[in-house]
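Numbering (the working numbering), first residue to last: 3 to 269.
Note that CB positions come from ideal geometry on N, CA and C, so glycine has one too.
A quick write-up on the structure given underneath.
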């Protein structure tokens, strides 16, 4: 009889260990997913700042932002997000002024260059960029990007719902208590009920879904590649330069930019 009881107790103990392992492993996995999300968001914010810097330089060329809205209209892009978040920085300027015989030609080439860099940076922010680096541990993959964060939030929220519903602390404890006959009998005799504190413990330990809006990530627009919009951009620049009151301002802008490039080159 004693050996049967010991065998039974051993099985119960093994079962309870398995239940505990599954419970904590599931919650640990979910918490690791949430930590990874926060790490990815932090990395994406660096790319977000780079997009703002690249946009800032383009808008600087567009007569200090005055013509930015018209520029985006000419390529059929909603400009609200990208115009409101742009920040000009010398880090975004080119290494030299592109060669052209006229100020108009230099202006067009500068705008095309600035737009091309912005479009590629924006695309990498939204869709990521594939890499194949033999020096990296992973070797091949795609950089962290906005759409990836959206998908991660959806996956985490599904997991949160599943964990809260199928593996709540109260249900797990209630399941484990069934194998402790002394506790179960005591609760029956005294009229104790697990339901009195089950709701409280579940509410306290339940995971909260990720509110994507609270991450406050910028939703930059998809910009057409430079070769797809080169006609519209070139026409826009020619049209703006043709205004007599813009010519002198653009020439001064290019002259000031040249001085900025010289200063950064000597630092």
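Beta-carbon proximity check, residue i vs residue j, cutoff 8 Å
| i | j | result |
| --- | --- | --- |
| residue 108 | residue 102 | yes |
| residue 219 | residue 151 | yes |
| residue 222 | residue 132 | no |
| residue 38 | residue 161 | no |
| residue 256 | residue 98 | no |
Residue i - DSSP class collapsed to helix/strand/coil
| i | result |
| --- | --- |
| residue 67 | coil |
| residue 209 | coil |
| residue 142 | strand |
| residue 222 | coil |
| residue 133 | strand |
| residue 97 | coil |
| residue 81 | coil |
| residue 147 | coil |
| residue 74 | helix |
| residue 87 | coil |
| residue 104 | coil |
| residue 117 | helix |
| residue 57 | helix |
Assumed close pair residue i, residue j - CB separation to whole angstroms, cut-off 8 Å
| i | j | result |
| --- | --- | --- |
| residue 88 | residue 57 | 4 Å |
| residue 59 | residue 105 | The pair is not a contact, with the Cβ atoms about 18 Å apart (cut-off 8 Å). |
| residue 53 | residue 123 | 5 Å |
| residue 77 | residue 235 | 7 Å |
Exposure label - residue i; buried when at least 16 CB within 10 Å
| i | result |
| --- | --- |
| residue 113 | buried |
| residue 84 | buried |
| residue 233 | exposed |
| residue 163 | exposed |
| residue 231 | buried |
| residue 121 | buried |
Residue i at chain D interface by Cβ criterion, 8 Å
| i | result |
| --- | --- |
| residue 230 | Absent from the structure is chain D; it holds one protein chain and no more. |
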